[in-house]
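Note that the sequence shown covers residues 1 to 538 in full-length UniProt numbering. Glycine included, every Cβ here is placed at the ideal spot set by N, Cα and C. What you are looking at is a predicted structure, and each value in this text was computed from that prediction instead of being measured. First up is the structure itself, then whatever we jot down about it.
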Amino acid sequence: MSLYANDAPTLEPPVTTAHAAAVPQASEGTLRKLLLGSGSRVAFLAVNTVIGLLMTPYILHSLGDRYFGLWALTSTVVGYYSILDLGLSGSLFTQMSHALGARDHISANRIYSTGLALYCWIAVLIMSVAAGCAFVIHLAWPSADAAVVPLILLTGFHVAIGFPMRAPYGVLNAGSHFDLTNAINIGAAVLRVIAMVFCLRSGYHVVGLAFAQLLAAIPGFIAVLMAVRLRYPFMTVRLKSAWHASTAKSLFHFAGPVLLGQVADRLRLQSDALVVSFALGLEAVAHYNVASTLAMYYLDGVTAVVGVLSPLLARQFGAGDHEGLRRNTLLGTRASIVCATFIGFLIVSVGPSFIQRWMGARFLDAYPVLLMLAGAIFIELTQITATSALYATKNVKVFARINVAEALANVVLSIILVRRLGMIGVALGTLIPALAVRGVGMLLAVRRCLNISPALYADSSLAALGRSAFCLVLPAALAYRFVRPDYLTIATVSAISAVLFAAPIWISEFHCIGITTSPTAFRILHRLRPTRSLTTKA
Numbered sequence: 001m002s003l004y005a006n007d008a009p010t011l012e013p014p015v016t017t018a019h020a021a022a023v024p025q026a027s028e029g030t031l032r033k034l035l036l037g038s039g040s041r042v043a044f045l046a047v048n049t050v051i052g053l054l055m056t057p058y059i060l061h062s063l064g065d066r067y068f069g070l071w072a073l074t075s076t077v078v079g080y081y082s083i084l085d086l087g088l089s090g091s092l093f094t095q096m097s098h099a100l101g102a103r104d105h106i107s108a109n110r111i112y113s114t115g116l117a118l119y120c121w122i123a124v125l126i127m128s129v130a131a132g133c134a135f136v137i138h139l140a141w142p143s144a145d146a147a148v149v150p151l152i153l154l155t156g157f158h159v160a161i162g163f164p165m166r167a168p169y170g171v172l173n174a175g176s177h178f179d180l181t182n183a184i185n186i187g188a189a190v191l192r193v194i195a196m197v198f199c200l201r202s203g204y205h206v207v208g209l210a211f212a213q214l215l216a217a218i219p220g221f222i223a224v225l226m227a228v229r230l231r232y233p234f235m236t237v238r239l240k241s242a243w244h245a246s247t248a249k250s251l252f253h254f255a256g257p258v259l260l261g262q263v264a265d266r267l268r269l270q271s272d273a274l275v276v277s278f279a280l281g282l283e284a285v286a287h288y289n290v291a292s293t294l295a296m297y298y299l300d301g302v303t304a305v306v307g308v309l310s311p312l313l314a315r316q317f318g319a320g321d322h323e324g325l326r327r328n329t330l331l332g333t334r335a336s337i338v339c340a341t342f343i344g345f346l347i348v349s350v351g352p353s354f355i356q357r358w359m360g361a362r363f364l365d366a367y368p369v370l371l372m373l374a375g376a377i378f379i380e381l382t383q384i385t386a387t388s389a390l391y392a393t394k395n396v397k398v399f400a401r402i403n404v405a406e407a408l409a410n411v412v413l414s415i416i417l418v419r420r421l422g423m424i425g426v427a428l429g430t431l432i433p434a435l436a437v438r439g440v441g442m443l444l445a446v447r448r449c450l451n452i453s454p455a456l457y458a459d460s461s462l463a464a465l466g467r468s469a470f471c472l473v474l475p476a477a478l479a480y481r482f483v484r485p486d487y488l489t490i491a492t493v494s495a496i497s498a499v500l501f502a503a504p505i506w507i508s509e510f511h512c513i514g515i516t517t518s519p520t521a522f523r524i525l526h527r528l529r530p531t532r533s534l535t536t537k538a
């Protein structure tokens, strides 16, 4: 079967001028909400990043390499519990976006209550799986460290009680209330840090650390439930009417390919630690984790900026505004390339100094690994808005196939190369499939499913990349001359580089020089649109 078989909708050609006038356009209030949401996501990421950067060496030095490796490995394994989401998060988010956009309160309430019921059953399953794994390890591996079994139980229970919260989070995000969800997440992150520091200072070690994380998460869960109740009073859950078979069927129908894509994501992003642990040992996991942690911050940072377009794209598709969806896809792609290029530059220029100051000189072997992982992440980030557009237009099967192909190639190459090249081989096993599979596959998917001209898509992307690279000349000279392993110097160089980069890229990439009539940045963004035809020619 062709990767792009005709099993999903394709966007229609551009609408006529008369029809375009009738298509609902994004209001200034919507754009303000999106910008606020993007800012709050960046704020949450900044808080989370600072916490991670400060807590990682603190936890490492408190636990030691072996127990820190166990902690990192447990976190990786627990990440596979998300497979039991069964793709429902993406399905619930997309269908809830459509329902809220249509002001269909009955359907929205059914989606929420049915999703919550499904997640509760999944939570029970996760607790059962965690208990079963702990029991098997206790019997089959009696020489295992005493911390392994309680660590599996506590982390499993933590994940389980968090699963039902995916429903209220999905409701708030579908309504673009990212500011609210991120405020809750920031509060939960601060509580988690306080609990973890108290635990480690009290000498409770790795098991106590897991218990502290569990307790600190509960207030955030309560807050998100209350937020849904306040924002959407019509969202009610009654035990007798919580389950709607037709709604569940609809959710699962869309969730299948979403699940396939999520499984592939886990293989791509979380299999490396397993390969390293089996081939090189737990101590090597600690070193590889330094690079993978920074790479994931890179991914999360750019996603925080442009990811708020997802619900807007879904609502535009539901309203039939295909031309607007294409414009926003190209705009989001350009924005993600600009952000990804600058943050990637910081990784290259200040990476060694930062790692040396953050974790110590003995962890500098993580820098080459970081460069390769960052390259793979860069390829993904350039396609992140197009991925959201594929979800919004119900072309998730196409994306799932691309993801699966990349993930399988990733695992196979990592296993082959780790024996010869060590950690660098594992990172190469991630980079090569990203270039060969995702880079080419998404370009074809954009043409086939979104009806965007490949020439325009490549033109727009390469132009944004070229202008971004040119605007990095002065920041590169600054970093080469002044950067050294000192937090203040690194922060100063990064901040000045951001200023030197932001002004010229804003003028050259988004063509906003001379626009003075718009009182807000939202109208400036609303005016941005390509001048060439967005669609493929017949």
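### Message
Taking its Cβ as the centre, do 16 or more other Cβ atoms sit within 10 Å of Pro9, making it buried, or is it exposed?
### Response
The residue given as residue 9 occupies position 9 in the sequence shown. Note on Pro9: pLDDT 48, under 50, position unreliable in the model; the coordinate value appears next. The residue in question, Pro9, is exposed, as its Cβ has fewer than 16 Cβ neighbours within 10 Å.
### Task
Output the residue ranges of the alpha helix (DSSP H) runs that lie fully inside the segment 96 to 134 and measure 4 residues or longer, sorted by chain position.
none
### Task
Entirely within the segment 268 to 353 and at least 4 residues each: give me those alpha helix (DSSP H) ranges in chain order.
282 to 306, 309 to 319
### Query
Does DSSP classify Ala495 as helix, strand or coil?
On the sequence shown, position 495 is the one that residue 495 refers to. Helix at Ala495.
### Query
Going by alpha carbons, who is nearest to residue 539 out of Gly360, Val308, Leu472?
Look at the range of the chain in this structure, 1 to 538, and you will see that residue 539 is not part of it.
### Task
Assign Gly64 to buried or exposed, taking buried as 16 or more other Cβ atoms, counted over all protein chains shown, within 10 Å of its Cβ.
For the purposes of this step, residue 64 is identified with residue 64 of the sequence shown, where counting begins at 1. Classification of Gly64: exposed, given that the 10 Å Cβ count is below 16.
### Task
Let me know if Thr329 comes out buried or exposed under the rule of 16 or more other beta-carbons within 10 Å of its beta-carbon.
As a first step, residue 329 must be located in the sequence shown, where it is residue number 329. So Thr329 ends up on the buried side.
### Message
I'd like to check one pair, Ile111 with Met96: are the Cβ atoms closer than 8 Å?
### Response
Residue 96 sits at position 96 when you count from the first residue of the sequence shown. Residue 111 sits at position 111 when you count from the first residue of the sequence shown. Cβ distance < 8 Å, so Met96 and Ile111 count as in contact.
### Other residues of its chain near Thr387: CB distance less than 7 Å, five sequence neighbours each side excluded
Taking the sequence shown and counting its residues from 1, one reaches residue 387 at position 387. Excluding residues within five positions, the ones whose Cβ falls inside 7 Å are Phe399.
#### Entry: Buried or exposed (CB count within 10 angstroms, at least 16 for buried), Trp71
Counting from 1 along the sequence shown, the entry for residue 71 is found at position 71. Buried, since its Cβ has 16 or more Cβ neighbours within 10 Å.
### Proximal residues to Ile402 (C-beta, below 8 Å), its chain only, five neighbours per side dropped
If you number the sequence shown from 1, residue 402 lands on position 402. Excluding residues within five positions, the ones whose Cβ falls inside 8 Å are Leu3, Val437, Arg438, Gly441, Met442, Ala445.
#### Entry: Cβ neighbours of Leu260 in the same chain (closer than 7 Å, five flanking residues each side left out)
Locating residue 260 in the sequence shown gives position 260, counting from the first residue. Same-chain partners within the cutoff: Ala400, Val404.
### Query
Do the segment 330 to 348 and the segment 56 to 63 meet, that is, are 3 or more Cβ pairs less than 8 Å apart?
no
### Task
Measure the alpha-carbon distance for Val149 versus His138 and round it to whole angstroms.
If you number the sequence shown from 1, residue 149 lands on position 149. If you number the sequence shown from 1, residue 138 lands on position 138. Straight-line Cα distance between these residues: approximately 7 Å.
#### Entry: CB-CB length for Glu509 against Ala464, believed under 8 Å
Residue mapping note: residue 509 aligns to position 509 of the sequence shown, counting from 1. Residue mapping note: residue 464 aligns to position 464 of the sequence shown, counting from 1. Correct: roughly 6 Å between the Cβ atoms.
### Query
Using the C-alpha atoms, what's the distance from Thr114 back to Val499?
Counting from 1 along the sequence shown, the entry for residue 499 is found at position 499. Counting from 1 along the sequence shown, the entry for residue 114 is found at position 114. Those two C-alpha atoms are separated by around 48 Å.
### Query
In angstroms, rounded to a whole number, what distance separates the CA positions of Val124 and Arg362?
Translated into positions along the sequence shown, residue 124 becomes position 124. Translated into positions along the sequence shown, residue 362 becomes position 362. Each residue's alpha carbon lies about 43 Å from the other.
### When Leu36, Gly52, Ala43 are compared against Leu289, the one with the closest alpha-carbon
Within the sequence shown, residue 289 is the residue found at index 289, counting from 1. The displayed chain sequence assigns Asn, not Leu, to residue 289. It is Gly52.
### Task
Leaving aside the five residues before and after Ala189 along the sequence, list all residues of the same chain whose C-beta is less than 7 Å from its C-beta, in chain order.
Working through the sequence shown from its first residue, we reach residue 189 at position 189. So the list reads Val47, Asn48, Ile51, once near-sequence residues are dropped.
### Message
Tell me which residues share the same chain as Thr293 and place their Cβ nearer than 8 Å to its Cβ, disregarding the 5 neighbours each side in the sequence.
### Response
Counting from one through the sequence shown, the residue named residue 293 turns up at place 293. Same-chain partners within the cutoff: Gly52, Thr56.
### Task
Identify every residue that forms a DSSP beta bridge with Ile377.
Stepping through the sequence shown from its first residue, residue 377 is reached at position 377. Ile377 is not bridged to any residue.
### Query
At what residues does the alpha helix (DSSP H) containing Phe399 begin and finish?
Residue numbering aside, residue 399 sits at position 399 when the sequence shown is read from its first letter. Per DSSP, Phe399 belongs to the alpha helix (DSSP H) from 396 to 421.
### Query
How would you write the range of the alpha helix (DSSP H) that Pro164 sits in, first residue to last?
By one-based count along the sequence shown, residue 164 stands at place 164. Per DSSP, Pro164 belongs to no alpha helix (DSSP H) and is neither H nor E.
### Task
Could you tell me the distance, in whole angstroms, from the CA atom of Ala407 to the CA atom of Gly208?
Here residue 407 corresponds to residue number 407 of the sequence shown, with the count starting at 1. Here residue 208 corresponds to residue number 208 of the sequence shown, with the count starting at 1. C-alpha separation (whole angstroms): 34 Å.
### Query
Does the segment 336 to 348 come within contact of the segment 297 to 305, defined as at least 3 CB pairs closer than 8 Å?
yes
### Query
Using 8 Å as the threshold, is the segment 422 to 433 in touch with the segment 351 to 358, meaning 3 or more CB pairs across them?
no
### Query
Taking all protein chains shown into account, do 16 or more other C-beta atoms lie within 10 angstroms of the C-beta of Ser484, making it buried, or fewer, making it exposed?
For the purposes of this step, residue 484 is identified with residue 484 of the sequence shown, where counting begins at 1. Reading the sequence as shown, one finds Arg at residue 484 and not Ser. The residue in question, Arg484, is exposed, as its Cβ has fewer than 16 Cβ neighbours within 10 Å.
### Query
Got a sec? Which residues, its chain only, sit under 7 Å from residue 544 by beta carbon, not counting five neighbours each side?
Residue 544 lies beyond the stretch modelled for the chain, which goes from 1 to 538, so this question has no answer here.
### Query
Taking the alpha-carbon positions, what's the Asp272 to Leu370 distance?
Stepping through the sequence shown from its first residue, residue 272 is reached at position 272. Stepping through the sequence shown from its first residue, residue 370 is reached at position 370. Their backbone Cα atoms lie some 13 Å apart in a straight line.
### Query
Looking only at its own chain, which residues have a Cβ that is under 6 Å from the Cβ of residue 544, when we skip the five neighbours before and after it?
Summary: the structure shown does not reach residue 544, with the chain confined to residues 1 through 538, and so no result is reported for it.
### Query
The alpha helix (DSSP H) spanning Gln383 covers which residue range?
Along the sequence shown, one-based indexing puts residue 383 at 383. Note, Gln383: premise wrong, no alpha helix (DSSP H); not H, not E.
### Task
With distances taken Cα to Cα, identify the nearest neighbour of Val159 among Phe221, Ile126, Gly132.
Residue 159 sits at position 159 when you count from the first residue of the sequence shown. Of the listed residues, the one whose Cα sits closest to Val159 is Ile126.
### Query
In terms of alpha-carbon separation, which member of Ala409, Ala427, Phe378 lies closest to Met372?
In the sequence shown, residue 372 corresponds to position 372, counting from 1. When each option's Cα is compared against that of Met372, the closest is Ala427.
### Query
Whose C-alpha, out of Thr382, Cys449, Leu450, is nearest the C-alpha of Ser468?
For the purposes of this step, residue 468 is taken as the residue at position 468 of the sequence shown. Cα-wise, what sits closest to Ser468 is Thr382.
### Message
Restricting to Cα atoms, I'd like to know which of Leu450, Ile347, Asn395, Leu421 is closest to Ser497.
### Response
If you number the sequence shown from 1, residue 497 lands on position 497. Per the Cα distances, Ile347.
#### Entry: Segment limits, alpha helix (DSSP H) that includes Thr181
The residue given as residue 181 occupies position 181 in the sequence shown. Looking at the DSSP string, the run of the alpha helix (DSSP H) that includes Thr181 is 178 to 201.
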